[in-house]
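Asker: What the sequence shown shows, in our numbering, is residues 161 to 309, in sequence order.
Don't be surprised by glycine CBs; every beta carbon is placed ideally from N, CA and C.
No experiment lies behind these values; they were computed from the predicted model shown.
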Amino acid sequence: MSIRKDWDEYFIDLAVLVASRSSCLRRQHGAVIVKDKQILSTGYNGTPAKITHCKTCFREEHNIPHGTMYELCKSVHAEMNAVVLAAKYGISVDGADMYITGLPCLMCTRVIINAGIKNVIILTTDVEDDYASPSLELLKEARIPVRRI
161 MSIRKDWDEY
171 FIDLAVLVAS
181 RSSCLRRQHG
191 AVIVKDKQIL
201 STGYNGTPAK
211 ITHCKTCFRE
221 EHNIPHGTMY
231 ELCKSVHAEM
241 NAVVLAAKYG
251 ISVDGADMYI
261 TGLPCLMCTR
271 VIINAGIKNV
281 IILTTDVEDD
291 YASPSLELLK
301 EARIPVRRI
């Protein structure tokens, strides 16, 4: 019996490690984009480059429910950061897989679809699926398989 992790475990563990760089006060998420077992890009949620990190959480201060009104937060989500970083350095993510530490929001789902991501692998968490069902429906309609590990 091998103690070596399979590829899905390896890349999702890296997404968890990437999430540890998050500057978000509310939740830490990480994303890793992989093609042919090679890492193309990573991203975590937090304030944009050159912007001061939050000292308080605007969403918590205003009792904004999870999964809503993301436009009021100055952070960029992990999935978007991973795609943007790849674009910044001229790396195509078309046909790649994305490993994510949580369910993508609707905005990130649209980015995932338009970036050409072919598979989404999500770390199974205790987060309720209610807020993500539109995201999962969009991924299904776009014929992008979602696996949970």
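DSSP three-state call for Y259: helix, strand or coil?
Answerer: The residue labelled residue 259 in the question sits at position 99 within the sequence shown. It is a strand residue.
Asker: Closest by CA to D257, which one among M229, N223, F218 and I304?
Answerer: Position 97 of the sequence shown, counted from the start, is the residue given in the question as residue 257. It is I304 whose Cα lies nearest to the Cα of D257.
Asker: From which residue to which residue does the alpha helix (DSSP H) around R219 run?
Answerer: By 1-based counting over the sequence shown, the position of residue 219 is 59. That run of the alpha helix (DSSP H) goes F218 to E221.
Asker: Between A275, I199, D254 and F218, which has its C-alpha nearest E231's C-alpha?
Answerer: Position 71 of the sequence shown, counted from the first residue, corresponds to residue 231. Considering only alpha carbons, the answer is F218.
Asker: What are the start and end residues of the alpha helix (DSSP H) that includes I172?
Answerer: Numbered from 1 along the sequence shown, position 12 holds the residue referred to as residue 172. W167 to A179 is the span of the alpha helix (DSSP H), which, as asked, contains I172.
Asker: Using DSSP with H/G/I as helix, E/B as strand and the rest coil, what is V253?
Answerer: The residue labelled residue 253 in the question sits at position 93 within the sequence shown. Three-state result, V253: coil.
Asker: Could you check where the beta strand (DSSP E) with V192 kicks off and where it finishes?
Answerer: Taking the sequence shown and counting its residues from 1, the one referred to as residue 192 is at position 32. First-last of the beta strand (DSSP E) with V192: G190 to K195.
Asker: Provide the residue(s) that pair with T270 in DSSP beta bridges, ordered along the chain.
Answerer: Here residue 270 refers to the residue found at position 110 of the sequence shown. Checking the displayed sequence, the identity of residue 270 turns out to be Arg instead of Thr. Paired residue(s): none; R270 is not in a bridge.
Asker: Check the Cβ-Cβ distances between V271 and every residue of chain D, and say whether any is below 9 Å.
Answerer: You won't find chain D in this structure, because it holds only one protein chain.
Asker: Anyone know if the C-beta pair for V236 and N205 falls short of 9 Å?
Answerer: Position 76 of the sequence shown, counted from the start, is the residue given in the question as residue 236. Position 45 of the sequence shown, counted from the start, is the residue given in the question as residue 205. In this structure, N205 lies closer than 9 Å to V236 by Cβ.
Asker: With a Cβ-Cβ cutoff of 9 Å, do G227 and C265 count as a contact?
Answerer: Sequence index remark: in the sequence shown, residue 227 carries index 67 (1-based). Sequence index remark: in the sequence shown, residue 265 carries index 105 (1-based). The answer is yes: Cβ separation under 9 Å.
Asker: May I ask which residues mark the beginning and end of the beta strand (DSSP E) holding V280?
Answerer: What you label residue 280 is simply residue 120 of the sequence shown in a count that begins at 1. Segment N279 to I282, the beta strand (DSSP E) holding V280.
Asker: Starting from the N-terminal side, write out each stretch of the alpha helix (DSSP H) that is 4 residues or longer and does not extend beyond the segment 199 to 238.
Answerer: Qualifying alpha helix (DSSP H) stretches, in chain order: 218 to 221.
Asker: What do you get for M240, buried or exposed, if any count of 16 or more other CB atoms within 10 angstroms of its CB means buried?
Answerer: Locating residue 240 in the sequence shown gives position 80, counting from the first residue. Label assigned to M240: buried.
Asker: Is the distance from the Cβ of I172 to the Cβ of V243 below 9 Å?
Answerer: Start at 1 with the first residue of the sequence shown, and residue 172 comes out as number 12. Start at 1 with the first residue of the sequence shown, and residue 243 comes out as number 83. The answer is no: Cβ separation not under 9 Å.
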